[in-house]
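What follows is a set of notes on a single structure, which appears directly below.
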Amino acid sequence: MRTQVSIPLISFLTAAFVNANLSGPVVDLGYAQYQGKYLEDNDLNNYYGIRYAQAPVHHLRWRPPMPIELHNNYSRSTPIDATTPGPACVQGKPTWFVDEEFPLPRPPGIEDCLLLDIKVPANPSSSSLPVMLEIHGGGYVLGSTSAYPGYALMQHARGDMIFVSIQYRLGAYGFLSSADILAHGTANVGLLDQRAALEWVQRNIRAFGGDPNRVTVHGGSAGGGALNHLMIMYGGVQAPPFQAAIVEYPWWQPMKNASVVEKQYRDLLLKTECDDIACLRGLDEDTLAVAIQSLYDLGYNATAVQYYGYGDFYFGPTVDGTIIRDLPSNEFKRGNFAKVPIMTNKETYEGLRFTDTALSTPEDVKQDLEQLFPFAQGKAAFWNRLFQMYPAENFNSSLFQREKIFGNSIVDCPTYYISTAASDWGVPVYKMAFNAGTQLHASTYPYLFNNNTLNYTTPGSVDNTTMSSIMLDWFVSFVMVHDPNAISYSGMPKPHWPTYLEASAPGTSNGYRVIEVNYTNIAVVADQDASPQCDFWHAQSYVIRS
């Protein structure tokens, strides 16, 4: 047994204050002042690393985030330095994930990471701007505010909006559950972090010139999946701290059942020589980080039962009965979600990045999928029907058969579920099928975001600047007025993007209308995800709770 040590609460009490030689914009939040950095090339005021909650360390591990306003020692007269990016949260690496630069055994990042960045036009078009808030992706185990910097969108908006990007606890820090966690802590605290950041924006964004009643949340991949979970949180609240949602390629990986999350927790106790959660809260940061990273190998290489498969990131939201009451597919079907305007999309080959290229036979595919969906093991009816839906002869290789099964179940079909469910409740939904760029998961990224944080001036960093301008038009217009058609900053002509059930949209046989973007054309087409395959997955709720 490891001896518990008492370690005082740290980090957030030691904020760095601005050097007197620095200059830049200063914002007063009442409880603290922050000094940002003016970026001349972008004409933006950047504020980096603002804490929206207290550091979730030691006794605050696996507890809901505490608002930063409640407990801090910030000076009211001396601004805090917000001129450089803050540290990322502790990262995690699934065993199948290839990244030679990922340091082990101690993964990068720190626990004191509940930070957000804000980009504000230096010359805003009004004193009350709409806000786009970014939840980064990364499988719930990777990522930071730097993943989606937002410069291209801000440049395109010409002073008409504010961009906020947030961080949240990842991996076991944000998504550990068990009977002990539920009794003496809280599951899904990573999702609560995201909501806390949104609530901080509600309280403080006016100081930056933002309108808290015009907040649009954007998330791609796990960020999109997280946004769906925010929409169903507590059974779907009627007045969420956001007014619209951009759900890009939403990541609905299998949600772990009680036995799997208990295994994760027990493995952590084993690795740390702890007996309970109180001991885990007393561990030093490095010991805990190394132990948590080891859980990925224990779950993937287990000799008896493999607890997650290739393409799955192992940790993520779980059904805890309170914060998340049921699977997203069930909650959307029942109408238990926040009724806000939605824009969503998916790409052509959503599953390819997450499929083992070594697969070469139908038996390889079945064995692989048994690890991805372990709850379906031994259920012959499931496997017979699955391979009727995806017969090997329809694909030119086992790789692409598995790619389509993974892509449909994890990303494609969820866009269909949320689009139909929201439309049935009269919520405006705009869905896109993006078949351009690489056509892989996240292929819209180069057309909307740019990592050159200082010199972005045009969307010319991608192979089709016209397409980029159109995409930026759509996204900024949706942030402004919740309609991608309403405002054109580029002046580019483009077809009308209908809502999912818009009666006047032409050429759609099944009644579900999406805008398709390919290399040479943009057109309204029928939703190909309104299919027997997606209906099959919708009926298999036990499979996506592994």
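All letters in the sequence shown, in the order written, are residues -20 to -1, 1 to 526 by mature numbering (1 follows the signal peptide of the UniProt record, and there is no 0). We treat Cβ as the ideally placed atom computed from N, Cα and C, and that holds for glycine.
For G119, same chain residues with a beta-carbon under 6 Å away, outside a window of 5 residues either side, are A202 and F293 in chain order.
Just measuring C-alpha positions, the residue of L94, Y214, D348 and E253 sitting nearest P308 is Y214. Taking the Cα of G289 as reference, the smallest distance to any Cα among P234, D300, I272 and Y329 is reached at P234.
For the set V70, L9 and P408, the Cα lying nearest the Cα of A269 is the one of V70. The beta-bridge partner set that DSSP reports for F143 consists of K99 and M112.
Beta-carbon to beta-carbon, A225 and L207 are separated by about 6 Å, close enough to satisfy the 8 Å threshold. Nearest neighbour of G10 by Cα position, chosen from L366, G301, P59 and N22, turns out to be P59. For D255, the three-state secondary structure derived from DSSP is coil. A straight-line Cα-Cα distance of about 28 Å links V78 and D173. For H476, the number of other beta carbons within 10 angstroms of its own is below 16, and it is reported as exposed. Restricted to the segment 370 to 456, the beta strand (DSSP E) segments that are unbroken, complete and at least 3 residues in length are 409 to 415, listed in chain order.
For R314, no beta strand (DSSP E) encloses it; the enclosing alpha helix (DSSP H) starts and ends at P308 to R314. Residue pairing by DSSP places N25 opposite Y18 and V100 in a beta bridge.
The beta carbon of V100 is closer than 7 Å to those of L24, N25, I142, F188 and G189 in its chain, skipping five residues each way along the sequence.
Approximately 4 Å separates the beta-carbon atoms of Y480 and V409; this is inside 8 Å, confirming the contact. Taking R305 as the centre and dropping the five residues before and after it, the same chain places the C-beta of G215 closer than 6 Å to its C-beta, in chain order. Between the beta-carbon of A238 and that of K251 there is about 21 Å, and that puts the pair past the 8 Å contact cut. Between K313 and A401 the beta-carbon gap is near 6 Å, inside 8 Å, which marks them as a contact. Comparing alpha-carbon positions, the option among W76, L352, P371 and A62 lying closest to V285 turns out to be L352. Excluding sequence positions up to five before and after L339, its CB lies within less than 7 Å of the CB of V345, D348, S378, L379 and R382, all in the same chain and listed in chain order. Between the segment 104 to 119 and the segment 27 to 45, the count of C-beta pairs closer than 8 Å stays below three; the two stretches do not touch. Residue pairing by DSSP places E179 opposite no residue, since no beta bridge is assigned to it. About 17 Å separates the beta carbons of E327 and Y397, which is beyond the 8 Å limit, so they are not a contact pair. Annotation: A187 is outside any alpha helix (DSSP H) and is labelled neither H nor E by DSSP.
Contact between Y14 and T64 is absent: CB atoms are separated by about 12 Å, not below the 8 Å threshold.
With a beta-carbon spacing of about 6 Å, L95 and R31 fall inside the 8 Å limit used to define contacts. Put simply, the backbone Cα of L332 is about 14 Å away from that of W76. Straight across, the Cα-Cα distance linking A12 with P47 is about 13 Å. Burial of E114 is indicated by the presence of at least 16 other C-beta atoms within 10 angstroms of its C-beta. Close CB contacts of A466 within its chain, under the 8 Å cut and outside five residues either way in sequence, are with S457 and M460 (chain order). Per DSSP, A506 is one residue of the beta strand (DSSP E) stretching across I502 to A506. Note that the C-beta distance between Q273 and P85 is below 8 Å. From the listed residues A177, E330 and N498, the smallest Cα separation to E49 is found for A177.
Contact check for S124 and A68: beta-carbon distance about 4 Å, within the 8 Å limit, so the pair qualifies. Between R261 and G89, the alpha-carbon positions lie close to 18 Å from each other. Under the three-state reduction of DSSP, M213 is assigned to helix.
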